[in-house]
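Under mature numbering (1 follows the signal peptide of the UniProt record, and there is no 0), read the sequence shown as residues -17 to -1, 1 to 159, first letter to last. Cβ coordinates follow ideal geometry from the N, Cα and C atoms, glycine included. Fair warning: this is a prediction, and the values are worked out from it, not measured in the lab. Taking it in order: structure first as structure tokens, then the write-up.
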Amino acid sequence: MQSLFALANSLSAGILCLQETFWDADFINENRDLWDGSIYHSCDGTSKRRGCAILVSKLYTDSISSPVSDNVGRFVKCSFKYDKVEFDIVSCYAPNSVKEQNEFYRYLCDSIDHDSSYVLCGDFNDVVDPFCDRSKTLACYGSATSRLNNLISKKNLIDVWRYFHPKKSVYEAPSC
């Protein structure tokens, strides 16, 4: 873990969102001094699987308020105020199974206030456009993809990567 925190510190990033951390409270306490700032996290405490975190550099620690996380390692949110603008930062890690994804997207939709500004970061274990981001043999709209797109539409979210790369096709082979 020293190398992860060393890399994070060397980036001089103000805020980092991480997924699949597997960090529990003991891990955070043992490694807190490796990160030059605050760590907000969520972990499935029983299996120590999943996990997401928001690392905030010491430069912005005083700008963070209202941290909220679930207890299953899927969601952590903090309010952030910068230059008199307040918005929420969310780091999330969606399940792999379609049924659990549908439930998670419903939870995420309920957890995001429509009147707030958000930066939503995460591993969604899905794609917004399967015809652009999956191989032709796997391209189809499933219920989880539809629910993810519904979340994006309802909450007026923008896929920043897709915004800057509208025609680029990127996909990974399934990891079966």
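- Within the 7 Å Cβ cut-off, does residue 17 reach chain C? Although the question refers to chain C, the structure presented lacks it and comprises just one protein chain.
Query raised in the report: What is the DSSP secondary structure of residue 43, counted as helix, strand or coil?
Result: coil
Note to self: If you measure between the beta carbons of residue 37 and residue -1, is that distance less than 7 Å?
What the structure shows: yes
Compute the Euclidean distance between the alpha carbons of residue 28 and residue -9, then round it to the nearest angstrom.
27 Å
Original post:
Bridge partners of residue 2, per DSSP?
Top reply: 35
query: In whole angstroms, what is the alpha-carbon distance linking residue 152 and residue 146?
result: 13 Å
Rounding to the nearest angstrom, what Cα-Cα distance links residue -6 and residue -16 in this structure?
16 Å
### Query
Near residue 128, which residues of its chain fall below 8 Å by C-beta distance, leaving aside the five closest residues on each side in sequence?
109, 110, 111 and 113
**Which of helix, strand or coil DSSP assigns to residue 159** = Bear in mind that a pLDDT of 41 at residue 159, under 50, signals an unreliable position, so the model cannot answer this.
### Query
Below 7 Å between beta carbons: does that hold for residue 59 and residue 25?
yes
* **Pick from -3, 7, 143 and 139 that is closest to residue 97, judged by C-alpha positions** => 139
Q | Backbone CA spacing between residue 51 and residue 57 [nearest angstrom] | A | 11 Å
Next item on the list: Find out if the Cβ-Cβ distance for the pair residue 40, residue -4 is shorter than 7 Å.
Entry: yes
- Task: Following the continuous beta strand (DSSP E) through residue 137, name the residue where it begins and the one where it ends.
- Result: Segment 126 to 137 is the alpha helix (DSSP H) holding residue 137; no beta strand (DSSP E) there.
| message | In chain order, what are the residue ranges of uninterrupted alpha helix (DSSP H) at least 4 long that sit wholly in the segment 79 to 115? | response | 81 to 94
Between which two residues does the beta strand (DSSP E) carrying residue 68 extend?
-> 68 to 76
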